[in-house]
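Encoded as structure tokens, the structure appears first; notes follow it.
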Amino acid sequence: GAVVSQHPSWVICKSGTSVKIECRSLDFQATTMFWYRQFPKQSLMLMATSNEGSKATYEQGVEKDKFLINHASLTLSTLTVTSAHPEDSSFYICSAPPSGDAYNSPLHFGNGTRLTVT
Amino acid sequence: DQQVKQNSPSLSVQEGRISILNCDYTNSMFDYFLWYKKYPAEGPTFLISISSIKDKNEDGRFTVFLNKSAKHLSLHIVPSQPGDSAVYFCAASSQAGTALIFGKGTTLSVSS
Chain Y
8 GAVVSQHPSW VICKSGTSVK IECRSLDFQA TTMFWYRQFP KQSLMLMATS
58 NEGSKATYEQ GVEKDKFLIN HASLTLSTLT VTSAHPEDSS FYICSAPPSG
108 DAYNSPLHFG NGTRLTVT
Chain R
12 DQQVKQNSPS LSVQEGRISI LNCDYTNSMF DYFLWYKKYP AEGPTFLISI
62 SSIKDKNEDG RFTVFLNKSA KHLSLHIVPS QPGDSAVYFC AASSQAGTAL
112 IFGKGTTLSV SS
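Following this line, the structure appears as structure tokens:
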């Protein structure tokens, strides 16, 4: 089945530094990938839609200059948290729709990245 | 304003009994509904989906029911097993393959 790989699975960084999270589709090509964030005991909130070959689309309230998204190829999207602050500490998850019949191929998710900013 | 609502944060069920998890939505443009299971520090795992042209979809122990007029769906798990204990998220989109909007989740605990 469709596999989405996310790296790293966890990262601790100091306030003010930048962190890059990678999301790869391992056995299919993804022109679109979605980035979500989940705070403890909360829902998964859509942050942005990553589009291969064009700019990402950000949800309302998400700072595009802080959360840089690059969809470099049909199998790789990256999310860079720039100048991270403790309030950015969260669980970040990417997902991608497999190719084929979308109604029979639901979104698959990576295993997420736990970011802790100290 | 939440478009997908799971009003029960938790549910406890005995092994072998039926688990019923509920979900309501407000956006009439939603066309595709899914249930995901999630453990802490892991990504969601797909369970079952249903498109708006159906009112029921079954896969093994899991059945999803959709009531479009009430904008309500439910996930039935029968029989429930201890391994089913996890957080269950209801999600919806206006079209399959597009971004999902999630509810806040319901924590299911199945005791043996």
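From first to last, the protein sequence lines stand for chains Y and R. So for the first sequence, the numbering used here puts the first residue at 8; every next one is plus one. So for the second sequence, the numbering used here puts the first residue at 12; every next one is plus one. All C-beta atoms in this analysis are idealised placements derived from N, C-alpha and C, irrespective of residue type, glycine included. Bear in mind that the values here come from a model prediction, so they are computed numbers and not experimental data.
Contacts of residue i in chain R (Cβ-Cβ under 8 Å)
i: ILE115/Y; result: First, the residue type needs correcting, since residue 115/Y is His and not Ile in the sequence shown. Here the neighbours are PHE57.
i: PHE41/Y; result: ALA110, LEU111
Residues that residue i contacts on chain Y, provided the C-beta gap is smaller than 9 Å
i: ALA52/R; result: SER16, TRP17, PHE98, ASN118, GLY119, ARG121
i: PHE100/R; result: SER50, LEU51
i: LEU45/R; result: PRO113, LEU114
Per-residue contacts from residue i into chain R (C-beta, under 7 Å)
i: SER50/Y; result: PHE113, GLY114, LYS115, GLY116
Neighbour-count burial assignment, residue i, 16 or more Cβ in a 10 Å radius
i: ILE88/R; result: buried
i: MET40/R; result: exposed
i: PHE116/Y; result: buried
i: PHE5/Y; result: Outside the shown range of chain Y (8 to 125) lies residue 5/Y, about which nothing can therefore be said.
i: ASP95/Y; result: buried
i: THR123/Y; result: exposed
i: THR82/Y; result: buried
i: LYS48/R; result: buried
i: ALA79/Y; result: exposed
i: PHE113/R; result: buried
i: GLY60/Y; result: exposed
i: GLY94/R; result: exposed
i: THR85/Y; result: buried
i: VAL121/R; result: buried
i: GLN106/R; result: exposed
i: TYR128/R; result: Residue coverage of chain R in this structure runs from 12 to 123, which leaves residue 128/R outside it and unanswerable.
i: GLN36/Y; result: exposed
Residue i: first and last residue of the uninterrupted beta strand (DSSP E) it sits in
i: GLN49/Y; result: Note, GLN49/Y: premise wrong, no beta strand (DSSP E); not H, not E.
i: PHE13/Y; result: According to the sequence as given, residue 13/Y is Gln; it is not Phe. Run containing GLN13/Y: 11-14, per the beta strand (DSSP E) assignment.
i: GLU69/R; result: 67-70
i: ARG121/Y; result: 120-124
i: VAL89/R; result: Note, VAL89/R: premise wrong, no beta strand (DSSP E); not H, not E.
i: VAL69/Y; result: Looking at the DSSP string, VAL69/Y is not in any beta strand (DSSP E), and its letter there is neither H nor E.
i: ASN77/Y; result: 74-80
i: ILE61/R; result: 56-62
i: SER84/Y; result: 83-88
Residues that DSSP places opposite residue i in a beta bridge
i: THR37/R; result: In the DSSP output, where bridge partners are listed per residue, THR37/R has none listed.
i: PHE41/Y; result: THR56/Y, SER102/Y
i: PHE35/Y; result: According to DSSP, which records beta bridges pairwise, PHE35/Y is partnered with nothing at all.
i: HIS83/R; result: ASP35/R, ASN78/R
i: TYR65/Y; result: ALA55/Y
i: LEU22/R; result: LEU119/R
i: SER30/R; result: ILE88/R
i: LYS48/R; result: THR56/R, TYR99/R
i: GLU94/Y; result: None, per the DSSP bridge assignment.
i: SER25/Y; result: According to DSSP, which records beta bridges pairwise, SER25/Y is partnered with nothing at all.
i: SER104/R; result: TYR43/R
Beta-carbon neighbours of residue i, restricted to chain R and to distances below 9 Å
i: THR56/Y; result: THR109, ALA110
Interface partners of residue i on chain Y, CB under 7 Å
i: SER60/R; result: PRO113
Any non-hydrogen atom of the ligand GDP closer than 7 Å to residue i Cβ
i: ASP66/R; result: What this structure holds is no ligand at all, so the ligand GDP is not there to describe.
### Cβ contact check for the stretch 60-71 of chain Y and the stretch 41-48 of chain R: 3 or more pairs under 8 Å
no
### Message
When you compare the stretch 42-60 of chain Y with the stretch 98-106 of chain Y, are there three or more beta-carbon pairs, one atom per stretch, that lie closer than 8 Å?
### Response
yes
### Three-pair Cβ contact test at 8 Å for the stretch 12-21 of chain R versus the stretch 64-74 of chain R
no
### Stretch-stretch touch, CB-based, cutoff 8 Å, three pairs: the stretch 29-40 of chain R with the stretch 54-66 of chain R
no
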